[in-house]
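So the structure is just underneath, and the comments pick up after that.
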Amino acid sequence: MILTGDKEFYKGIGAITFEGKESDNPLSFKYYDPERKVMGKTMREHFKFAVAYWHSFCGQGGDPFGPGTQIFPWDKSSDPMKRAYDKADAAFEFITKMGFDYFCFHDVDLVDESESLSKNEKQLHEIGNYIALKQKDSNVKLLWGTANCFSNPVYMNGAATNPDFKVVARAGAQIKMALDLTISLGGENYVFWGGREGYMSLLNTDMSRELDHMGQMLSMARDYARAQGFNGSFFIEPKPMEPMKHQYDFDAATAIGFLREYKLDSDFKLNIEVNHATLAQHSFEHELTVAANAEMLGSIDANRGDNQNGWDTDQFPVNLYEVTEAMLVLLQTGGLKGGGVNFDAKIRRNSTDFDDIFHAHIGGVDTFARALITAEKILISSEYSSLRKNRYASFDTGNGNQFEKGSLTLEALSKIAFNDSPPKRTSGKQELFENIINQFI
Ligand code: XLS
Ligand code: NI
Ligand code: NI
């Protein structure tokens with residue numbers, strides 16, 4: 012059901028529905044058919060698509076060279092609470108017109124931060140009540156909430172990793188409020204992206220102490236939320252750099268090591284973002300695979316980077332080949348644990364029509380849907396799986412199998428090599444694998 016407030020913000024646009032790839036209606040899904048089953052689950056269940064409040068309703072396209080270009084009608088009022096209510100109306104109108112089941116937010120996306128913590132708490136509580144009503148009327152759920160502990164200048168030296176305890180305590184207060192809000196809105200998960208948790212220079216940084224502080228903060232947050240009855244997952248969102256020169260949650264492998272060291276691995280999983288993966292010199296599917304291998308693939312922040320530059324451009328996904336490789340990982344590893352696909356993406360600064368945000372999300376959704384359908388076909392009707400499995404066939408029986416089971420010593424391994432004929436040259440067949448993806452897209 013479409014939810015409009017007192018006034019309609021996206022006039023002339025109705026519900027976006029599946030019309031199939033022959034449709035020439037740009038405001039329709041060509042591939043995303045929510046009820047279509049792929050490997051036993053509907054697309055709706057596979058993806059749990061979410062709208063990111065910050066990019067779609069807050070960010071206006073400002074960049075280091077100039078101010079925003081997108082003028083939002085819900086930002087008109089001089090009263091911050093009125094702006095917050097109007098923004099919530101616009102957000103729920105958009106989410107319900109897109110037919111999404113979920114949204115995600117930072118505390119400060121919902122209502123502007125004020126000068127005092129107690130005023131913030133009051134304002135968040137008030138807007139939270141309004142959003143709860145909107146959720147009830149629309150059945151839209153909260154995929155995850157988070158605290159923005161990186162924009163406020165107080166965090167310039169870090170939040171949980173700040174060398175000043177006063178700032179750490181302030182971050183704790185903000186995280187507690189964001190947790191309270193997330194729990195009260197039935198949030199299914201809670202995210203930590205350590206925007207300022209890292210360093211600009213090691214010369215002035217005690218890395219070991221800062222990491223201990225971060226472990227401490229996350230443990231406290233976990234204990235508090237659990238005591239309030241929160242059963243969802245906590246997610247760490249790895250990113251290697253930007254804004255800090257080096258961020259502590261560099262990539263999936265680093266974050267997993269950290270979570271295990273601080274004994275947080277049974278409560279925390281990872282939220283993998285495409286553009287963060289590529290900034291870390293990895294591919295999206297690499298990061299998904301690392302997380303899935305550790306049984307920590309929780310959620311996805313969907314976007315894409317730019318091949319020609321090195322920062323977080325947060326563009327909407329369009330690359331079928333890239334997303335198909337990712338969907339192969341998803342389907343083979345059992346999918347996302349508790350999370351969904353959140354469009355952490357923004358339209359370009361010169362996309363200034365109010366329908367651009369619809370085209371952007373439609374494109375992202377259809378890219379994921381088409382990639383999922385393609386991945387299913389590859390797994391069901393191509394040689395892909397058997398080709399890959401056969402590369403390891405020598406471990407299925409005999410000595411190879413003994414090795415895998417751990418029942419060979421190094422001496423025994425050496426003896427096998429001495430007695431055996433030398434290894435044959437075996438092709439990795441990479442180009443054949445690559446062509447299979449192309450064939451099924
Ligand atoms: C920034 C991050 C941020 C998180 C939420 O690069 O992607 O948007 O997803 O704090
Ligand atoms: Ni993100
Ligand atoms: Ni990001």
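12 is the number of the first residue of the sequence shown in the working numbering; add one for each residue after it.
Note that beta-carbon positions come from the ideal geometry of N, C-alpha and C, so glycine has one too.
Just so we're clear, the structure is a prediction, and the values are computed from it rather than from any experiment.
- Beta-bridge partners assigned by DSSP to A63: C115.
- With a cut-off of 7 Å, the C-beta of E284 is classified as near ligand 3, since at least one heavy atom of the ligand falls inside that distance.
- Boundaries for E33: no beta strand (DSSP E) harbours it, and the DSSP string shows neither H nor E there.
- In the DSSP assignment, N304 falls within the unbroken alpha helix (DSSP H) covering F295 to N304.
- Per DSSP, the continuous beta strand (DSSP E) segment holding A313 begins and ends at L308 to A313.
- Within its own chain, the residues whose Cβ lies closer than 6 Å to the Cβ of I186, once the five positions on either side in sequence are excluded, are A158 and A232, listed in chain order.
- DSSP, reduced to helix, strand and coil, places V329 outside both helices and strands of the structure shown, so it counts as coil.
- L390 has its alpha-carbon roughly 15 Å from the corresponding atom of L443.
- A residue is called buried once 16 or more other Cβ atoms fall within 10 Å of its Cβ, and V376 is buried on that count.
- Counted as a single uninterrupted DSSP element, the beta strand (DSSP E) harbouring T157 occupies residues K152 to T157.
- DSSP, reduced to helix, strand and coil, places S397 within a helical segment of the structure shown.
- Here Y259 is near G205, since their CB atoms are less than 8 Å apart.
- In this structure, the beta-carbon distance from L341 to T378 does not fall below 8 Å.
- In the same chain as K416, and ignoring 5 residues on each side of it, no C-beta atom comes closer than 8 Å to its own.
- Straight through space, the alpha carbons of V165 and K87 are spaced by roughly 27 Å.
- The segment 248 to 265 and the segment 276 to 283 touch, with three or more beta-carbon pairs separated by less than 8 Å.
- Distances between the C-beta of H224 and the heavy atoms of ligand 3 are all 7 Å or more.
- In the DSSP assignment, Y96 falls within the alpha helix (DSSP H) that extends over P91 to M109.
- Beta-bridge partners assigned by DSSP to N353: A61 and D312.
- Just so you know, the alpha carbons of F406 and N318 end up roughly 38 Å apart.
- When the beta-carbon positions are compared, M92 and E137 come within less than 8 Å of each other.
- Not one heavy atom of ligand 1 falls within 7 Å of the beta-carbon of W322.
- V285 carries a helical assignment under DSSP once its states are collapsed to helix, strand and coil.
- At least one heavy atom of ligand 2 sits closer than 7 Å to the Cβ of W204.
- Ranked by Cα distance from E445, the options H372, D366, L339 and D431 are led by L339.
- Within the model, the alpha-carbon separation for A102 versus E199 is close to 19 Å.
- Restricting attention to I311, M228, A337 and Q81, the CA atom closest to the CA of V178 is found in M228.
- As far as DSSP is concerned, D86 takes part in no beta bridge.
- In this structure, F161 sits away from A171, with a CB-CB distance that is not shorter than 8 Å.
- By alpha-carbon distance to W155, the top candidate from I194, D123, Q413 and M54 is I194.
- Spanning the alpha carbons of D120 and L135 requires a straight line of approximately 10 Å.
- Within the DSSP secondary-structure output, S244 pairs in a beta bridge with N200.
- If one requires a minimum length of 4 residues, the alpha helix (DSSP H) runs lying completely within the segment 160 to 233 are 176 to 195, in chain order.
- Annotation for A382: the continuous alpha helix (DSSP H) segment containing it runs D367 to S392.
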